[in-house]
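Protein chains in written order, with UniProt numbering: chain E, 1 to 444; chain L, 1 to 444; chain H, 32 to 519; chain S, 32 to 519. Every residue gets a Cβ at the ideal spot worked out from N, C-alpha and C, and that includes glycine. All values derive from a computational prediction rather than experimental measurement.
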Amino acid sequence: MRYLPLTPDDRAEMLGVIGAPDVDALFADVPAAARLPGPVDLPHHAGELEVERELSALAAMNRTAGSGPFFCGAGAYRHHVPATVDHIIQRSEFLTSYTPYQPEIAQGTLQVLFEFQTQVAALTGLDVANASMYDGSTACAEAVMMAQRVTRREKAILSGGLHPHYAATTQTIAHAEGMQIVRQKAAIDAEAAVIDAIDEHTACVVVQTPNVFGVVTDVAKIAEAAHAKGALLIVVTTEAVSFGLLKSPGEMGADIAVAEGQSIGNALNFGGPYVGLFAVREKLVRSMPGRLCGETVDADGRRGYVLTLSTREQHIRREKATSNICTNSGLCALAFSIHMSLLGGVGLRRLAEVNHARARELKATVEAAGLEVLTPRFFNEIAVRTKGPAAALVEALLARGVVAGVPFSRLDPAAGLDDVLLLAATETTTSQDIAALAAALKAA
Amino acid sequence: MRYLPLTPDDRAEMLGVIGAPDVDALFADVPAAARLPGPVDLPHHAGELEVERELSALAAMNRTAGSGPFFCGAGAYRHHVPATVDHIIQRSEFLTSYTPYQPEIAQGTLQVLFEFQTQVAALTGLDVANASMYDGSTACAEAVMMAQRVTRREKAILSGGLHPHYAATTQTIAHAEGMQIVRQKAAIDAEAAVIDAIDEHTACVVVQTPNVFGVVTDVAKIAEAAHAKGALLIVVTTEAVSFGLLKSPGEMGADIAVAEGQSIGNALNFGGPYVGLFAVREKLVRSMPGRLCGETVDADGRRGYVLTLSTREQHIRREKATSNICTNSGLCALAFSIHMSLLGGVGLRRLAEVNHARARELKATVEAAGLEVLTPRFFNEIAVRTKGPAAALVEALLARGVVAGVPFSRLDPAAGLDDVLLLAATETTTSQDIAALAAALKAA
Amino acid sequence: QDEPLIFELGGWSKTGVDLPAASADASDLAGLTREAVALPGLSEPEAVRHYVRLSQKNHAIDLALYPLGSCTMKHNPRLNEKAARLAGFSDIHPLQPVSTVQGALALMDRLAHWLKTLTGMPAVALSPKAGAHGELCGLLCIKAAHEAAGQGHRRTVLVPTSAHGTNPATAAFVGYAVQEIAQTEDGRVDLADLESKLGPDVAAIMVTNPNTCGLFERDIIEIAKLTHAAGAYFYCDGANFNAIVGRVRPGDLGVDAMHINLHKTFSTPHGGGGPGAGPVVLSEALAPFAPAPWVVSGSDGLRLAEEATGPAAQAFGRMSAFHGQMGMFVRAYAYMLSHGADGLRQVAEDAVLNANYVKARLCDVMSPAFPDGPCMHEALFDDAWLEGTGVSTLDFAKAMIDEGFHPMTMYFPLVVHGAMLIEPTETESKAELDRFCEALRALAVAAKGNDKDRFKGAPHLAPLRRLDETLAARKPKLAWKPDPAGGA
Amino acid sequence: QDEPLIFELGGWSKTGVDLPAASADASDLAGLTREAVALPGLSEPEAVRHYVRLSQKNHAIDLALYPLGSCTMKHNPRLNEKAARLAGFSDIHPLQPVSTVQGALALMDRLAHWLKTLTGMPAVALSPKAGAHGELCGLLCIKAAHEAAGQGHRRTVLVPTSAHGTNPATAAFVGYAVQEIAQTEDGRVDLADLESKLGPDVAAIMVTNPNTCGLFERDIIEIAKLTHAAGAYFYCDGANFNAIVGRVRPGDLGVDAMHINLHKTFSTPHGGGGPGAGPVVLSEALAPFAPAPWVVSGSDGLRLAEEATGPAAQAFGRMSAFHGQMGMFVRAYAYMLSHGADGLRQVAEDAVLNANYVKARLCDVMSPAFPDGPCMHEALFDDAWLEGTGVSTLDFAKAMIDEGFHPMTMYFPLVVHGAMLIEPTETESKAELDRFCEALRALAVAAKGNDKDRFKGAPHLAPLRRLDETLAARKPKLAWKPDPAGGA
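Right, here's the structure in full:
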């Protein structure tokens, strides 16, 4: 077997050194009843060629986003990632290294994390970011639980504009930890309704911008209202490219910003792995979940980086730990950071502008096709009202070769918004794609 | 532009240091008449996304070998290359380094070349191999010219079983250098005819095994005949995987073995880049063309490797140089060496056996379909006689989704062998592929 | 050589990405847009060099043995990387119509089948994103099952003292009181102590098997029986499944829930700290409570159960957005197919053989924590042999760096003094193990031979010397800030 | 750390490739088969480690400046690697039906169009596999053209003393007598000397422009005119095309044939010594003699002229099997599209600017060979400034290694004593150039300050110290051989 270096001769020699008659002897502690006499009932080993064939066949059964007009967003966005990014993350030294617990031989990973943290802080307009979370949805749940630790209050208010998966994840996890989650009704322009719900038991309010319907909101007023009642404002962003154009969460008064970082550096991957961004104001840093990388010096006084403040983490704190996160999303964070380093502030701005311009074109086109656009202010995604169920329209358009977006009912069937369709456009969307959508809409 | 790091500010500052008013001043030596006033008439720069789109569109216009039944060989073979190979050759340190002229910081490349040379020597059954040539065909031409240097004779006899492109290349290059090339008529079992042509003016005879019709020949008798007349025997192999099963050139008396190494480690690439293998008997080493890597020690007595015997090379010897090769095919040689290191002798044998077994299945199937198989002893390729022109049959089978091989007329239209079709099978050929061919033959 | 930070490379007005100019009309966003983002951009050549240089400061499995006990740093096949990058897997959206992702769903379904078959358990939740996330998922299943059975009053979880920190952390997180189970002299769960603590308030026990001392819990079946008899569930931490895959099915031991770190047993790359993936296999009793989503097979192909309706009505909720770490699923499945049932069994055998070989080769110069009997996939030493040398476990570990190896896991498990936990994994050759053992033997001799400076100052040959972690924690500097004296 | 050879790793009965067992019936090959092949096999983890470790012993552009004059070590975009690996390019066979490779032929056609437009020449032969191969192709065209015109008696080729060794080598190879053209004080072709040597026996001149001193041949148009007036052809060595691409078209200078090193000007990676690609652009006069094959556009799409019939009747032959270095064509074309006409012009400008900047920053501590006027893409220094220091050009170059840089080209061109030829290329940032210049300035000070040992013993910090090249040549050891005392 190509991955197993030991030869039969090696094994015999090693057993001799150990003083065991055979390898079974090394499994002597396994109760006899639980010892499998032979391989389980699954196929036996296969060569690379055969494995590649099976996987290629499975891959070929999927329709790739790049193979035709495609407008899905709703928390995952198809962007163009420079080839350099994927090249670098595949370097052995990044790909096959562990969590940088031995900083002397992990400065590569550590310096990247330090740069990543700085980039995330700048993008979110906050002071400190951690070294990444699993994804945006779990980062959202962690932010809510962090608000509980900071405020010592139990109630979290989730806006109706929050991505339903984020709301569900937060509900599951934060509720398990003992919090009371108030999930507001899904609505296009839901953010205004949040303010009324804030009271003196509120640990935090969670609002998303651009929200799941694509609506861009200045949440400064919500921040004021929350702060007035001693609650924290958590701002969620699922489209990280929007940081290039829109007011940052920090600028608008957020105490915690969480985001899905997939859009920068990472492929769609059918939903994972992605990378959660998490940033806070300076004063909250010691309540923050996740890994942190900090600058220090070595024995010779040279600058270096280490994981730090790990006394907050569960592998150290055991039952006194306060977050569920243990690993992070290191390689995806690396991809994010490389792509962001290539873009720079200048490039991200332009990328964001291109995205917005494409979405404007999309909006004009679907409006011309007679659909009502529900999103008043948008970045690169809009919600439209369909005649009849959106899901049916998506199927009809699929038959015409267009993947027309995400029916809201897919995310939240109980919301009563079956006639709402979410469509996103990015720099990868061409005018031909949009024209194809218009044509399909006309024909459908 | 993403590949150009200088900013306008940098440029201005640098011009100041240089003391030039503008960049035009640096081109002052260019005659005014030849200075282009602006960009030539070609498209302007494009982003990665756009470039990728254009190239992907071009790529999509080709039918890949892997997309259906495929039987082309004739000097280029589709084998499965482990993913590790391509991963390693893309490492910056291998990909973006130059010819290892500074051995202290090129031991990676140099040790690989030393290992490669040893592998090639073992495969060909000879003593010494060089660090690779452009490809098999130019290696063949170089071998013929080397024979001239060694024997001080002008005549080279090329067997009718030699790949016509190899013969043409040799004719072009060796003839330019002043040799007389006797190219024998193409014939299925051409090797026997070579012996009669050898005389005391013969520098070398060139025979190929398996030859271009797939015929495997024990060339020991030709070696004897050549040696008896003071000529060298050059053995050509276009399918390097055959080294795993067949008698090596050295074993059969070859003085020089040349081969196309593409089959091991390298993709089809529409014909290039490939890698030429070149090995000789010990006593001929100083007449050998191409780069050589040798073992030595450093100032501290530690083992190391350097390019050596470069006094033979043209960048040193100028008009006294004797070969046309300057660069080699370093990265392809690396790919070859990695794949060969993974295979080992054991794996190469098995791979060769699988290839042979597939070809046996192919042969049985096309015979059952009523075609005459012309190749008496074969490795993984056979020639068959078609009813009517082979080229027409290939077109007919293509219409049924099968790429049925190479009509010999494509290689040598003047040979009068229009009804000969070459078909190869490798480990990538499945029984379904062969069955599809049979079905298409029946239907065509 | 010091590598500057990207913020020091000066590309404040630069970008390494060429984009078409957009018609920059953002008038509908008036008042909602920001000023420029203050981040540097690098041209592509500068970026490549920065990251390639940085990478060379890392140790990696691809460079040498990485014997981190409990972390299972094994070879990461490049085939798996290639497979995960097939456009058919990487360029599909989690919410595109299910009819257009039948291959992806089939892969998840097949992966689930392999996981279930290898563990002998009837169900699996694929969505957890890492081991700790899987633990959380497992405990939430258990909690939901208890609540559904009117046993919501069970508020205690029993955990051995040797457990991974994540075990008590997760239990506490879900609101359970954590109680420790004592350990026997020979490094196993103390059955009597367990029995005494198993009461009507106990919701579950969490046991790692093989445990963190690298030992198989001999009484595991009895443990499960006692647990079930007490009305509690048996959560098994599957971090060490690598040691028994293909030879032992946790389902046969009585396990109710176990997470599987795909990055450990099934070799998805650790990537400098993630992403991982932590699917959880579940017993019949717990299966109905698994979180959404999962793959369902229907008359018109595969689809996803994404909502708490129909068969998913008892689901306890959702662990994260979308459907899990698809990219890791592809890699793990490729790994499984490559090994097959026979190869995976060999994985366990070679992992255990390699660990016992290291133990045997070092036991005369270092002190094994449990000298009697075989270990499983990792060899545990304590620091008794260093007594009086002035060299600590940490010093010894840092000196290994100078020999070209990554240190082993240190000071874990907590139950062993100055613990050194060595896990070679099955992808090490005998030659590499010999090189490693020779190096450690030589170091051990040096440590006992009063060569203290070599250890106290180690590492000497790494890109940096020992780092001041106290300073980092005392004055946290967690982001680059412009030099107040000037600069960008 | 010494890395063992694969032959010392011991896998003589091992393989790292899993293959199905074949029905091993090779009875029809009786007497034609060999014994086992005596080569070691490595399991995949062992192989990966071997090559990753070895790779770290190499310098590379991706690590730091690689200022090899005349070699043009510039950034290699990864997009190009990705493009070349698209199955539609990498997984197609050179002899599959032309109707199935229309995209490949179109790419070759477009590449040819770009090369022709950038050089202002009407034809191009794509098949040469490297620069020297391109030179051969060009001279064979010239020879064929002369023969076709009854000028076969022309047997002399004129070459400047500063030429690349491959120029006289190729001319001699084709059977021409080589005569040198003198050089002027200011590093250019001596027009008077050229004129005196241009006679009825001259077949061609071969001139590099910009020349190997990094200077543009001011009289280039005059050179061409004189050459043509004498009935000879003008071969231009295009190795330095990087310096003028987009700003000067060789066709406008009167060039008849010029090879283009795609790996230099169009950045296909050097790969530790190849593969390269050396297409040759041709003037109207030479075009009919270009070797087969080439792409022809017809009513039913593109096809290949592969044989010396029809329009290819005058072709002088075939340079190699198949159609050229397709993998390199894809990369070069991607590079061209990325830069565009405007970007390629900028390439030349930045390459020249960077070289002049280096020259300006070093001219006070080192001695430029041609101090007056601008240089083109490379800055040439002689060793006059080292006189009396006891430090040679070689010593100085080796000391650069300890500073993290690759040495410049040394002792070439031959016309300058102790030559040091520095080519930074356009893909270096000002910051990196400054770092480089500072390092060289400090070294220059040290060299003049009697710090001789630092140079004589250099490099000190490389994986190895200076290697004994004499020993290697005197007792060539060109392959590993089993230790006669035993071992494998």
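Closest to S:H124 by C-alpha separation, out of L:L268, L:Y134, L:T237, L:P273, would be which residue? L:L268
Those runs of the beta strand (DSSP E) which lie wholly inside the region 139 to 197 of chain L and span at least 3 residues: 155 to 158, 180 to 183
Please give the ranges of any alpha helix (DSSP H) in the region 4 to 72 of chain E, keeping only runs that are unbroken, at least 4 residues long and fully inside the region. 8 to 18, 23 to 26, 48 to 60
Measure the alpha-carbon distance for H:R141 versus E:R410 and round it to whole angstroms. 24 Å
Taking the straight line between their C-alpha atoms, what separation do you get for residue 450 of chain E and E:G271? Missing from the structure shown is residue 450 of chain E; chain E here goes from 1 to 444 and no further.
Mark S:G183 as exposed unless 16 or more other C-beta atoms lie within 10 angstroms of its C-beta, in which case mark it buried. exposed
Should S:S130 and S:G332 be called a contact, given that it needs their Cβ atoms to be closer than 8 Å? yes
Does the CB of L:T428 have a neighbour CB from chain E at under 8 Å? yes
Report the neighbours of L:Q90 on chain E: residues whose CB is nearer than 9 Å to its CB, in chain order. H87, Q90
Can you name, in chain order, every residue of its own chain whose Cβ lies under 7 Å from the Cβ of E:A231, other than the five neighbours on each side? T151, I198, T202, A203, C204, V205
Beta-carbon proximity list for E:E295, same chain, < 7 Å, skipping 5 on both sides: F114, R303, Y305
Mind pulling the chain L residues with CB within less than 7 Å of E:L49? H80, E427, T428
L:E295 in three-state terms, based on DSSP: strand
Partners in chain E for S:E459, counting only beta-carbon separations shorter than 7 Å: The contacting residues do not exist; S:E459 stays about 17 Å from chain E at best.
L:I222: which of L:K387, L:P249, L:L245, L:R91 sits nearest, CA to CA? L:P249
As assigned by DSSP and simplified to three states, the class of S:F272: helix
From the DSSP output, in three-state form, read off H:C102 for me. coil
Name the residues in the region 379 to 398 of chain S whose C-beta lies less than 7 Å from a C-beta of chain L; which are they? E380, D381, V383, L384, N387, Y388, A391, R392
Whole angstroms is fine: what's the gap from H:E112's alpha carbon to H:G230's? 48 Å
Between S:K45 and chain E, is there a C-beta pair that is closer than 8 Å? yes
Burial state of E:R2 (16 or more Cβ within 10 Å): buried
Rounded to whole angstroms, what's the CA-CA distance from H:T504 to E:A83? Just pull it up for me. With the sequence shown as reference, residue 504 of chain H is identified as Ala, and Thr is not the correct amino acid for it. One C-alpha to the other measures close to 37 Å.
By DSSP, does E:I382 sit in helix, in strand, or in coil? strand
Are any of the Cβ atoms in chain S nearer than 8 Å to that of H:D232? no
Which residues in chain S sit within 8 Å of L:R380, going by Cβ to Cβ distance? The amino acid at residue 380 of chain L is misidentified as Arg; the sequence shows Asn. Under the 8 Å cutoff, chain S gives no residues; its nearest Cβ is about 11 Å from L:N380.
Under a CB-based cut-off of 8 Å, is S:V83 close to chain H? yes
For the region 356 to 414 of chain S, which segments carrying the beta strand (DSSP E) assignment without a break, of at least 3 residues, lie completely within its bounds, in sequence order? 410 to 413
Nearest to E:A141 by CA position, among H:G47, H:R349, H:G355, is which residue? H:R349
Taking only runs that begin and end inside the region 212 to 284 of chain E, name each unbroken alpha helix (DSSP H) of 4 or more residues, in chain order. 220 to 228
Tell me, to the nearest whole angstrom, how far the beta carbon of E:A174 is from that of E:V144; I am working on the premise that it is less than 8 Å. 5 Å
In angstroms, rounded to a whole number, what distance separates the CA positions of E:P407 and H:E338? 15 Å
Taking 8 Å as the CB-CB cut-off, is E:M203 touching chain H? Residue 203 of chain E is actually Ala in this sequence, not Met. Cβ-Cβ to chain H under 8 Å: no for E:A203.
CB-CB length for L:S329 against L:Y134, believed under 8 Å: 6 Å
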